[in-house]
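Participant: Before I ask anything, let me first share the structure, which is written out below as structure tokens.
Chains as they are written, first to last, in my numbering: chain A, 1020 to 1193; chain B, 15 to 381.
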């Protein structure tokens, strides 16, 4: 195996181990911190897939945004004084395990049966493999073919931002 | 790999010198003498401090969350040091030639926030937790003006690759392996028709290619001070109220890692500011007619002279910026939390947004 392959397996291993840790730990805060490993591992796998912009977006949105929000949520909402904090119980484990295993099985069968090399867009992508960055293509497409969804997303996010500021400012006035 | 070793060595050497310089600069500002005892003019002071620090016991408080407490300094240092991977030290020496360079840098250093929360929560100490919460809210807020000011540069130079941005700001503008050829006009305005591509020097730095970027650099500088938790933005570790903030409980080598990360952050943002705004590894002297100052004070990319001159100019400018950071730290009083948020959201962010808008218009004048 080449050196790159070792790095790939390292990140794949990191992703899976931290994901399993999230499932098994009963401490919510540990689970949130383990998400760091999962997100980082997934973004490294994106790099291996040649999707450099997607990898950066993954770190920026999930680690820089979502994960910090989760951490603050946990730290600010748990009842620390009563020493019940940070422990979650697992319920309905039977259905959860059944559902998870079924989904896993279906996905594995689907992936093994699919013939990826015959897909048209994969073949096209392989032809363009010499392109060293996806940035320019993403930018061009966002401003031409996908400009409408892009603008709609921008307006919705803006509305969400203003709504959040409005709610927060009302609390301050009281 | 060479860049990795060089940057690690540079960082360690820098910390030893910077701590000494910080003490001497603060002494100068406060009309004192500073360290004098160890070695000539106290030069050995930091080394002596470091030797003492390494011998110290690595204390873990019994009530601390042990796992988080032990991992936190490593997470912080790793995420800051990872930022050095895309910095071009000279025309040929860069850790990773990724085309998403700037984006990578600002995302990967935002990971140190996770480490700060780990340290604050894991210490199980009110001072630590307050310090971490303040630090995180400050870093997250100031990322917005910082990113917007970087966006101005990206719009002007049309690339995220830090090496390409460096090449554009000098006489070697067309030596980079990129299909678009570059012509630098005076102040970036094509209408006047004064071609300065061959003049180079300070005239082709980004703050001269688009003069409004000078104001973007001021925003970048202020925001970068807040990002590295330095005075006047040091409420996360305000000694007079929080002991030492999120690293109150740390001692020995782990505390040294915190210091290393903090000074590393200073160095990183100083490097980034120099590369984005102040010409990177390009010489400040322009070619004037037959007096080829720029060609004399820099070498062609690919030659040893080019690399040495590049590293010299980049590190030299960075040291100047760091000196400025230190002077600011010892000159201005600390900002209150409300002043901090006022400055970020009501002054810097609108100004940065305006600059992004103007940069877009300026770009139209450049082509």
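Cβ atoms here follow ideal geometry from the backbone N, Cα and C, with glycine treated the same way. All figures in this text were calculated on a predicted structure; none of them were measured in a lab.
Do the stretch 1171-1181 of chain A and the stretch 299-309 of chain B meet, that is, are 3 or more Cβ pairs less than 8 Å apart?
Facilitator: Segments in contact, no.
Participant: Rank B/121, B/17, B/242 by C-alpha distance to the C-alpha of residue 1084 of chain A and give the top, closest one.
Facilitator: The residue labelled residue 1084 of chain A in the question sits at position 65 within the first chain. Measuring from the Cα of residue 1084 of chain A, the nearest candidate turns out to be B/121.
Participant: In terms of alpha-carbon separation, which member of B/233, B/314, B/339, B/267 lies closest to residue 364 of chain B?
Facilitator: Here residue 364 of chain B refers to the residue found at position 350 of the second chain. Residue 364 of chain B has its Cα closest to that of B/233, out of B/233, B/314, B/339, B/267.
Participant: Beta carbons nearer than 9 Å to chain A: which residues of the stretch 278-303 of chain B have them?
Facilitator: Under the 9 Å Cβ criterion, the stretch 278-303 of chain B contributes no residue.
Participant: Counting only beta-carbon atoms, is residue 1079 of chain A nearer than 8 Å to chain B?
Facilitator: Taking the first chain and counting its residues from 1, one reaches residue 1079 of chain A at position 60. Chain B, which has a Cβ nearer than 8 Å to the Cβ of residue 1079 of chain A, makes this yes.
Participant: Residues in the stretch 257-271 of chain B with C-beta within 9 Å of chain A's C-beta atoms, listed in sequence order?
Facilitator: So nothing in the stretch comes that close.
Participant: Would you report the Cα separation of residue 111 of chain B and residue 315 of chain B, rounded to the nearest angstrom?
Facilitator: As a position in the second chain, residue 111 of chain B is number 97, starting the count at 1. As a position in the second chain, residue 315 of chain B is number 301, starting the count at 1. The alpha-carbon atoms of residue 111 of chain B and residue 315 of chain B are separated by roughly 15 Å.
Participant: Taking a contact to mean a Cβ-Cβ separation below 8 Å, would you say residue 145 of chain B touches residue 251 of chain B in this structure?
Facilitator: Along the second chain, one-based indexing puts residue 145 of chain B at 131. Along the second chain, one-based indexing puts residue 251 of chain B at 237. Contact: yes.
Participant: Using a 10 Å radius around the Cβ and a threshold of 16 neighbouring Cβ atoms, would you call residue 366 of chain B buried or exposed?
Facilitator: Taking the first residue of the second chain as 1, we reach residue 366 of chain B at position 352. Buried: at least 16 other Cβ atoms inside 10 Å.
Participant: So, residue 262 of chain B versus residue 373 of chain B, is the Cβ gap smaller than 8 Å?
Facilitator: To locate residue 262 of chain B, count along the second chain from 1; it is residue 248. To locate residue 373 of chain B, count along the second chain from 1; it is residue 359. No.
Participant: Ignore the nearest five residues each way along the sequence and tell me which others in residue 171 of chain B's own chain have a CB closer than 6 Å to its CB.
Facilitator: Numbered from 1 along the second chain, position 157 holds the residue referred to as residue 171 of chain B. So the qualifying residues of the chain are 179, 182.
Participant: Identify the contact partners of residue 117 of chain B in chain A, using a Cβ-Cβ distance below 8 Å as the criterion.
Facilitator: Here the question's residue 117 of chain B lines up with position 103 in the second chain. Result: 1072, 1075, 1079.
Participant: Tell me which residues share the same chain as residue 1052 of chain A and place their Cβ nearer than 8 Å to its Cβ, disregarding the 5 neighbours each side in the sequence.
Facilitator: On the first chain, position 33 is the one that residue 1052 of chain A refers to. If we look at residue 1052 of chain A and ignore the five residues flanking it on each side, its Cβ neighbours are 1090.
Participant: Specify the secondary structure class of residue 199 of chain B as computed by DSSP and reduced to three states.
Facilitator: Indexing the second chain from 1 puts residue 199 of chain B at position 185. Three-state DSSP puts residue 199 of chain B in a strand.
Participant: Going by CA-CA distance only, name the one from B/28, B/48, B/244 that's closest to residue 349 of chain B.
Facilitator: Within the second chain, numbered from 1, the residue matching residue 349 of chain B stands at position 335. Nearest C-alpha to residue 349 of chain B: B/244.
Participant: Within the chosen definition, does the stretch 82-101 of chain B reach the stretch 121-134 of chain B through at least 3 CB pairs nearer than 8 Å?
Facilitator: Yes, since at least three Cβ pairs between the stretch 82-101 of chain B and the stretch 121-134 of chain B fall closer than 8 Å, the two stretches touch.
Participant: Using the beta-carbon of each residue, which ones in chain A are nearer than 7 Å to residue 121 of chain B?
Facilitator: The count along the second chain starts at 1 and reaches residue 121 of chain B at position 107. Those are 1075, 1078, 1079, 1083, listed as they occur along chain A.
Participant: So which residues of chain B does residue 1087 of chain A contact, with C-beta pairs closer than 8 Å?
Facilitator: Within the first chain, numbered from 1, the residue matching residue 1087 of chain A stands at position 68. Those are 127, 128, 131, 150, 154, listed as they occur along chain B.
Participant: To the nearest whole angstrom, what separates the beta carbons of residue 101 of chain B and residue 176 of chain B, a pair I think is in contact under 8 Å?
Facilitator: To locate residue 101 of chain B, count along the second chain from 1; it is residue 87. To locate residue 176 of chain B, count along the second chain from 1; it is residue 162. Confirmed, about 6 Å.
Participant: Just the chain B side, please: which residues come within less than 7 Å of residue 1094 of chain A by C-beta, in chain order?
Facilitator: Counted from its first residue, the first chain places residue 1094 of chain A at position 75. Under the 7 Å cutoff, chain B gives 135.
Participant: Can you give me the C-alpha to C-alpha distance between residue 69 of chain B and residue 62 of chain B, rounded to a whole angstrom?
Facilitator: Numbered from 1 along the second chain, position 55 holds the residue referred to as residue 69 of chain B. Numbered from 1 along the second chain, position 48 holds the residue referred to as residue 62 of chain B. One C-alpha to the other measures close to 11 Å.
Participant: If you draw a straight line from the alpha carbon of residue 265 of chain B to that of residue 200 of chain B, how long is it in whole angstroms?
Facilitator: Position 251 of the second chain, counted from the start, is the residue given in the question as residue 265 of chain B. Position 186 of the second chain, counted from the start, is the residue given in the question as residue 200 of chain B. The straight-line gap from Cα to Cα measures roughly 53 Å.
Participant: I'd like to know if residue 21 of chain B contacts chain A, where contact means its C-beta is closer than 8 Å to some C-beta of that chain.
Facilitator: Translated into the one-based positions of the second chain, residue 21 of chain B becomes position 7. No, because no Cβ of chain A sits closer than 8 Å to the Cβ of residue 21 of chain B.
Participant: Consult DSSP for residue 102 of chain B and reduce its assignment to one of helix, strand or coil.
Facilitator: As a working note, residue 102 of chain B is residue 88 in the second chain. Residue state, collapsed to three classes: strand.
Participant: Look up residue 94 of chain B in the DSSP assignment and say whether it is helix, strand or coil.
Facilitator: Reading the second chain from its first residue, position 80 is the one you call residue 94 of chain B. Helix.
Participant: Quick one: is residue 152 of chain B buried, meaning 16 or more other Cβ sit within 10 Å of its Cβ, or exposed?
Facilitator: What you label residue 152 of chain B is simply residue 138 of the second chain in a count that begins at 1. The residue is buried, with at least 16 neighbouring Cβ atoms inside 10 Å.
Participant: Is it right to say residue 77 of chain B is buried, meaning 16 or more other beta carbons lie within 10 angstroms of its own, or is it exposed?
Facilitator: Counted from its first residue, the second chain places residue 77 of chain B at position 63. Classification of residue 77 of chain B: exposed, given that the 10 Å Cβ count is below 16.
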